[in-house]
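Down below is the structure, laid out as structure tokens.
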Amino acid sequence: MKHTLADLAEALAAQSANAPEDEADLLHFYHRLFALLAQQQAALELDLSKHLADFSRKQWLRSGEPALRFEWLGLAPSTFHPWVEQVAALLRERVPECQAPTPEESVELAARYYHDNTTGKGAAMDALMQSALTPWLWEAAAQLTPHLPLDEWLRGYCPVCGGFPDFEVIVSNKWRRLLCERCAAEWRFPNGVCPFCGEDSPDMLGFYTTEDEVYRIDVCDACGSYIKGVDSRRFEGTLNAVLERFLTPGLDYSAVEQGYTRPEAFEDFAEGDET
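Under my numbering, residue 289 is the last one in the sequence shown; the count climbs by one each step, no gaps.
Here it is, written out as structure tokens:
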């Protein structure tokens, strides 16, 4: 499914208008953030068609390398840094310690975050770089995914940008679709396998569901990770997976209370064989 930042901003606005007071403030902030990111995406002049001319599906699947290369984004300190400052100013409303780096550091830290899923400079800088890169990554995913055999990827990291999944949609007893936390690309992945470490022993894997069995948390005792999601077979109405990740913070709280965490950086398994 194709996701757009503009659609997400609109959906968040609708949700914030109808949410309880204790939730509305945060949803309104997310709306403002993604409205800003959507404006930037609309202004981008990113054209990846030249990189697709020599693209080989078989080589891509065999290599296990994400399709997108960071240098294709064309980031330059003179243009990227002012944007980073703009995003930082908004994020400081919720994270006061969020400060923009220098112009030279902006692209360097963006590259480090892209390759390692962390800047190494703390959670505030990671959040800043993830948000700042979002318009480029979503636009890249929109351009690249129509050319990728996503149902053949079968790896636990994003086929477009290499990011971690942070949400899942259960589609059958055998399969689920994972949603990239960075570019929102979706791809098929089997149930009964941890996307983060590849563990497939039933003794090490488990899941918890809400009382109505619509939402769930899949956990892995081998690496201590979790991923939240929704069972599309039980969900009523139109399912917007990228929106649901913002509407289900309670699932994250529950997983953390039980001792599970989200991966913070890539490990060797992201370079291994196909699951």
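C-beta: ideal position from N, C-alpha, C; glycine also.
Item to check | Pick from Pro179, Val185 and Gly206 that is closest to Leu193, judged by C-alpha positions | outcome: Pro179
Next on the checklist: With the cut-off set at 9 Å, would you say Glu153 and Leu60 are in Cβ contact?
Outcome noted: yes
Next on the checklist: In the DSSP assignment, the beta strand (DSSP E) including Arg191 goes from what residue to what residue?
Outcome noted: Trp189 to Cys194
Next on the checklist: Please report the straight-line C-alpha distance between Glu37 and Ser30, rounded to a whole angstrom.
Outcome noted: 7 Å
Checklist entry - Taking just the CA atoms, how far does Thr93 sit from Asp235? => result 44 Å
Checklist entry - Exposed or buried, what is Thr159 when buried is set at 16 or more other beta-carbons lying within 10 Å of its beta-carbon? => result buried
Next on the checklist: On the criterion of 16 or more Cβ atoms from any shown chain inside 10 Å, does Asn131 qualify as buried, or is it exposed?
Outcome noted: buried
Checklist entry - Just to confirm, are Pro163 and Arg71 a CB contact at a threshold of 9 Å? => result yes
Item to check | Which of helix, strand or coil DSSP assigns to Trp201 | outcome: strand
Next on the checklist: Between the alpha carbons of Gly286 and Ala52, how many angstroms are there, rounded?
Outcome noted: Only weak support exists for where Gly286 lies, its pLDDT of 38 falling under 50; the coordinates are left without a value.
Checklist entry - Name the DSSP beta bridge partners of Ser239, please? => result Cys234 and Thr275
Item to check | Proximity below 9 Å, CB of Arg126 to CB of Gly136 | outcome: no
Next on the checklist: I'd like the span of the beta strand (DSSP E) that includes Val183, first residue to last.
Outcome noted: Pro179 to Ile184
Next on the checklist: At the level of alpha carbons, what is the spacing between Asp212 and Leu82?
Outcome noted: Residue identity differs from the one stated: residue 212 is Gly in this sequence, not Asp. Gly212 and Leu82: Cα-Cα distance of roughly 23 Å.
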